[in-house]
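Line by line, the protein sequences give chains A and B. For the first sequence, UniProt numbering begins at 1 and goes up steadily by one. For the second sequence, UniProt numbering begins at 1 and goes up steadily by one. Have a look at the structure below before the remarks.
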Amino acid sequence: MKPIRGEAFEADATIRGGAHVSQRHDSAHKHVTGEAVYIDDMVEPIGTLHGCLGLSTVANGAILSVDLDAVRAAPGVVGVLTAVDIPGENDISPTGRHDEPVFAETEVLFHGQPIFAVIAETRDAARRACLKAAITYEERPPVIDILDTADDPRLVTPPLTLARGDAAAALENAPHRLDGTMRIGGQDHFYLEGQIAMAIPGEDGDVQVFSSTQHPSEVQHMVAHVLGVPSNAVTVEVRRMGGGFGGKETQGNIFAAVAAVAAKRFGRAVKVRPDRDDDMVATGKRHDFLVDYDVGFDADGRIQGVDYTYAARCGYSSDLSGPVTDRALFHCDNAYYYPAVKAVSAPLFTNTVSNTAFRGFGGPQGVVACERVIEEIAYALGKDPLEVRRANFYGTDDRNVTPYYQTVEDNVIHRVVDELEASSDYQARRAEILAFNRESRIIKRGIALTPVKFGISFTATHFNQAGALVHVYTDGSVHLNHGGTEMGQGLFTKVAQIVAEEFQIDLDRVKITATTTGKVPNTSATAASSGTDLNGMAAQVAARTIKDRLIAFAADFYDVPAASIVFSANRVDVGGHPMTFAELVKEAYVARVQLSAAGFYKTPKIHWDRDKGTGRPFYYYAYGAACSEVSIDTLTGEYQVERTDILHDVGKSLNPALDLGQVEGGFIQGMGWLTTEELWWDGKGRLRTHAPSTYKIPLASDRPLIFNTRLAEWSENAERAVRRSKAVGEPPFMLAVSVLEALSMAVASTADYRICPRLDAPATPERVLMAIERLKAAGAA
Amino acid sequence: MTLSTRTHIRFRLNDRTVTLNTLRPTETLLDFLRLERRLTGTKEGCAEGDCGACTVLVGRLNRDGVLVYETVTSCIRFVASLDGCHVVTIEHLKGKDGTLHPVQQAMVDHHGSQCGFCTPGIVMALYALWMRDAQPSRSTIEKALQGNLCRCTGYEPIVRAAEAMAEISQATSDPLQAERDDVRCQLAEWQTAETVDMGEGADRLILPANIDDLAQSFAANPKATIVAGSTDVGLWVTKQMRPIGPLIFVKQVEGLDAIEETVDGIRIGTTASYTDASAILSETYPAMRAYFDRIGGDQVRNMGTIGGNVANGSPIGDTPPPLIALGATVTLNQAGTRRTMPLEAFFIDYGKQDRQPGEFVERIDVPKLRNNEIFAVYKISKRRDEDISALAGAFKLTIEADRITDARIAFGGIAATPKRARHVEAALIGRDWSIETIDAALPAFESDYQPLSDWRASSDYRMLTAKNLLRRFFLEQQGETASLKRFAAVEA
């Protein structure tokens, strides 16, 4: 449809696919037909080679000898690469700490650490050849568990302390006081598409890398660094990932680096796609934590002072452990005001894979421990935990300063929780469950309603910037590019909606294009839930720049006031003269108006002084709450989630359908983390749950039987974030804490709720049963 | 009878016939699709048959000559095993005019994809479901999705899509309806009593046509690896990269998958799939239904065989615990000579079974329950569905006048082999059928089993749960609710 000037413009009242409407994912058709191209599906250049990483078979030791002759001689092998073959630096540590080599040289520090790579004509040949390596080690006892670090607590990165008020005195003077410990397990990302990179050598020593990465700029920098070439010699591109969840923020670096080194060395395209087992063994995961807490409170359950130590298994290198463990502390308050607080982190070195970013980035671990403290207080006082939660919520006008001295200015947790309490019928169901548990001998039930408050922004302030590039072609079609990456979250769709809305053109006029460092430079990772906030704003800025030029042109050309030029529903009204968007664009082109613009955005208001532990690290907060009900079998510890109700705040939603998908999906992923997903290392430091046969993420049949998810439709971001929306990637993940606490209540019922059971995460059926057994033993004692 | 021998493999791939004159015996269907045919819609997520991203459909004429399509995980399915079949991939589903199939349209409408990588596999799983039940219940949908992992959506929109499939439209363009007669004729034409024998040495592959042919082939090549459903052997190739040739494929062997009711029980041919076997076993032993539903996902149940599960001698063994408790026997065949033994006798020790070179498991016979016998089987795993058991326990007791007159109890996952709990049985036999008897018998578990600790469970948990399963058995027989039923609440 192409309206002619002056007629039939009334047909479209609104554009199709503008902002704030539900719109399918831009690739949905391609997903369901199998036509969406992931890196492994790309047509390979002739002669493409395939790489396979040779991994350490011990967790800690000096490398005595590396004999790769049999590898080189294996069928199909073109060559092998070790540290000596790296032209630049043998280092891919993302924070510049120089503690993460591409290939181990003199020692290995975890089981699964890459030592060499085989490059062969086929992937199968590379994998088979890898097995022929003969490497000898002088083994040293590995430090695997957090508890193993007690004798030698080495830190991989400096710890953080948050302190406000006199926590020690508050604890001392509180009417009630208790302490405890909780273990919180890690989590594998289990993105369905594993890590992958394909590098194609170019002229002048250039290389193009297709990388399944959330952070193309970092891959670009790492590849340049490892090749010893300037960044302008490396272009990194990614159209889409088959899931990321933080696992492709830094963990894609090694595959890209090895592919690039091999591509330059052999002058052919090289693809590196690890087998799922190697992917799970050799790449980092969510940090597991051991949290100690000490809390003082009054008879109403109001916390007066609290002291936390968050010890984290970071693995053999720092990676992102600094900011991850920092964020655990940033969320040790969840939605609660602490009059006096001290929280310290301990980012511990272990001989395990280096842990990394994962949805929530330490925040979930902070929240889980905090919620445990609330539960402890509730059981100690014989109260409904929801009552204790409410007693401690941040206030709106007072009791609103965080442990890092940021004032909570946009608090909506009271409304969110009140509404959910009513809509989930929490009080009546809790009463029913208490009655049920009195009657039922074997099956017990539990219910919990838990809140989430999550800070939005990268805590490293300088990452809060983004760029976009928008071209308008002479037919009025738009080409959109920005620094964010698409991993399924629908970022591309949302940003395109923002641009469509800005130009008032149908969404299908906006072409979504692959992220590439060649179009938008120096980007931040698509992480910290910030993708839409940052890139959406940058794209909006770019679109507005072009729109402003069009307005200036039209005002001048038609001699009308700029204010009389209105863009609406695929047309532009120029002082009472309607025309199509394309017509205006064509006229502007003829008049030599630039129809391309780069947009840039940086988040205002934020700052953070880590040394002092003060500042405003977050632009705003996202809120939500979930109420979950579970049943457990006290003979076996098996359980099921009967019902979950969620109310979540995404501000003024840019796309309710996609936002709901993030909330539902985030919840289930969080539930997996806290229930069945268990990482299990053996005594030699070998991860034995390194495939879906042994590592159990949720299935369709693990969903809550009744699952009601709603967005808080009344919400608007108090800050001027893009179109008053809020970030949605990470916050819903922590809604799953409601499942853990509901399980805890069901367990506690076996001892008449007199004791808060210690229920570590993940609460596997075994942990549930053993918690019941401990209550039995305590009751008998 | 002398059989003719063929030296090529032939099958239909979407709308084309594929003939392969040379073939690596362990070539997987997934690699063939992606690397040879550039059909890249089918994805590799795990290469061990657990995530479902590689799900495709395989159509075959069943024992009654009916064309049936089943989901399989192409990552661990060998190409050679597809001889005479119809392979359908995601590329085949969309209409020629670009119209989405109702299953695909429902997924789009309900936002069932996010990253999209699991999506082709999910669409194929839902397509298989749609073919047999276009208006499925939630429990049916969940069962159809047991073999498919999605990490993004939390499944809710996928389930909504599955519920909406029927409302989209009649699938006038459904390829497998449009081509059905054509496909049936082609597959029927291919159903000739021929042995396939291709390649040399370790690259040799044999597809015997009938049981005698199989017996002779295996006796002549006792070092060959027998491949039935390849749900286990597939991983020897994709994960361990073990040389396992030559291969003898058995799923196509005529009559070897027969399931029949005999005078006193059920006779299950060794290559009967879980799917086919569970249908009749669940009728005969209703306690088996829920148990079978928790073995693998649909893809694995369609591929995996009862005989393969027994023959591979896993200490966990999905089917051995209930089959042993029921008193099943196993019949082996070596060059046509058969011998039969109680199933528990087949398992000698970890990785060691009573099977001679060139000898194969031919069938399992399971006696029916008598009126005074009660039976139950339970599985414990970290995740409810598609998980390997931490332990599984099966109980068959004979109760006469409130006394236990006989007991057969078998567990998997807590010893080197699936094994009977002889001490527990002894502690029960001759006593009252009462909780006192049960409680008194529990310590005997410690004489029967010394379970290990591993990533699935600790030794303590396994022992405690083994005991508690006996208590559960008693309580449930008394009518008490002592296990969780996922759909009792919403579908009752």
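Where a beta carbon is used, it is the ideal one built from N, C-alpha and C, also for glycine.
| Asked | Found |
| --- | --- |
| Residues in its own chain within less than 6 Å of E359(B) by CB, not counting five upstream and five downstream? | L332 and Q334 |
| Hey, I498(A) and Y621(A) are a contact pair by Cβ (cut 8 Å); roughly how many whole angstroms apart? | That pair is no contact at about 22 Å. |
| So F707(A) contacts chain B; which residues on that side make the cut at Cβ distance below 7 Å? | E156 |
| Using DSSP bridges, identify the partner residues of C756(A). | In the DSSP output, where bridge partners are listed per residue, C756(A) has none listed. |
| Contact between the region 93 to 101 of chain A and the region 16 to 35 of chain A is defined here as three or more beta-carbon pairs at a separation below 8 Å; is this criterion met? | no |
| Please classify R239(A): is it buried, with 16 or more other beta-carbons within 10 angstroms of its beta-carbon, or exposed? | buried |
| DSSP puts W608(A) in a beta bridge; with which residues? | G615(A) |
| Would T48(A) and R268(A) be called neighbours here (beta carbons separated by less than 8 Å)? | yes |
| So, is the C-beta of T213(A) closer than 8 Å to a C-beta in chain B? | no |
| Helix or strand or just coil, what does DSSP make of T5(B)? | strand |
| Touching or not, the region 416 to 426 of chain A and the region 446 to 457 of chain B, by the rule of three or more beta carbon pairs under 8 Å? | no |
| If you run the structure through DSSP and keep just helix, strand and coil, what is residue 787(A)? | Given a span of 1 to 781 for chain A in the structure shown, any question on residue 787(A) remains unanswerable. |
| Compute the Euclidean distance between the alpha carbons of H8(B) and V79(B), then round it to the nearest angstrom. | 12 Å |
| Our contact map puts N14(B) next to V88(B) with C-beta atoms below 8 Å; I'd like the distance itself, whole angstroms only. | 6 Å |
| I think Q187(A) touches E677(A), with their Cβ atoms under 8 Å apart; what is that distance to the nearest whole Å? | 5 Å |
| Residue ranges of each alpha helix (DSSP H) run of no fewer than 4 residues wholly in the region 316 to 400 of chain B, ordered along the chain? | 320 to 325 and 343 to 346 |
| Report the start-end ranges of each alpha helix (DSSP H) in the region 566 to 599 of chain A that is 4 residues or longer and not cut off at the edges. | 581 to 590 |
| Specify the secondary structure class of M182(A) as computed by DSSP and reduced to three states. | strand |
| Whose Cβ in chain A lies nearer than 7 Å to the Cβ of P315(B)? | Ordered by position in chain A, no residue passes the 7 Å Cβ test against P315(B), which lies about 15 Å from the chain. |
| For residue 834(A), I'd like the list of residues in its chain whose CB is within less than 6 Å of its CB, leaving aside the five on either flank, ordered along the chain. | Residue 834(A) lies beyond the residue range present for chain A, which begins at 1 and ends at 781; the question has no answer from this structure. |
| Take L381(A) and list the residues in its own chain whose beta-carbon comes closer than 6 Å to its own, dropping the five residues that flank it on each side. | G301 |
| Closest by CA to V77(A), which one among G61(A), K132(A), H31(A) and V108(A)? | K132(A) |
| When DSSP builds the beta bridges, which residues end up paired with residue 825(A)? | There is simply no residue 825(A) to check, as chain A begins at 1 and stops at 781 in what is shown. |
| Have a look at A496(A) and F600(A) and give me their C-alpha separation to the nearest angstrom. | 16 Å |
| Can you tell me which residues form a DSSP beta bridge with C52(A)? | V118(A) |
| Report back the beta-carbon spacing between L442(B) and K467(B) to the nearest angstrom; my notes put them in contact at under 8 Å. | 4 Å |
| So if I threshold CB-CB distances at 9 Å, which residues from the region 398 to 426 of chain A count as touching chain B? | none |
| Classify G484(A) as helix, strand or coil using the three-state DSSP reduction. | coil |
| At 4 residues or longer, what runs of the alpha helix (DSSP H) sit wholly inside the region 383 to 429 of chain A? | 385 to 392 and 413 to 423 |
| Can you tell which of Q365(A), V388(A), P364(A) and G665(A) has the C-alpha that lies nearest to the C-alpha of E375(A)? | V388(A) |
| Please compile the residues from chain B whose C-beta is within a distance smaller than 9 Å of the C-beta of W680(A). | D454, W455 and R456 |
| Helix, strand or coil: how does DSSP classify M42(A) here? | coil |
| Residues in its own chain within less than 7 Å of Y350(B) by CB, not counting five upstream and five downstream? | P315, A416 and T417 |
| Could you name the residues of the same chain whose beta carbon sits closer than 6 Å to that of G476(A), not counting the 5 residues immediately before and after it, in chain order? | F581, A582 and V585 |
| Rank G112(A), F733(A), A721(A) and A751(A) by C-alpha distance to the C-alpha of R276(A) and give the top, closest one. | G112(A) |
| Alpha carbon to alpha carbon, how far is V367(A) from S744(A)? | 16 Å |
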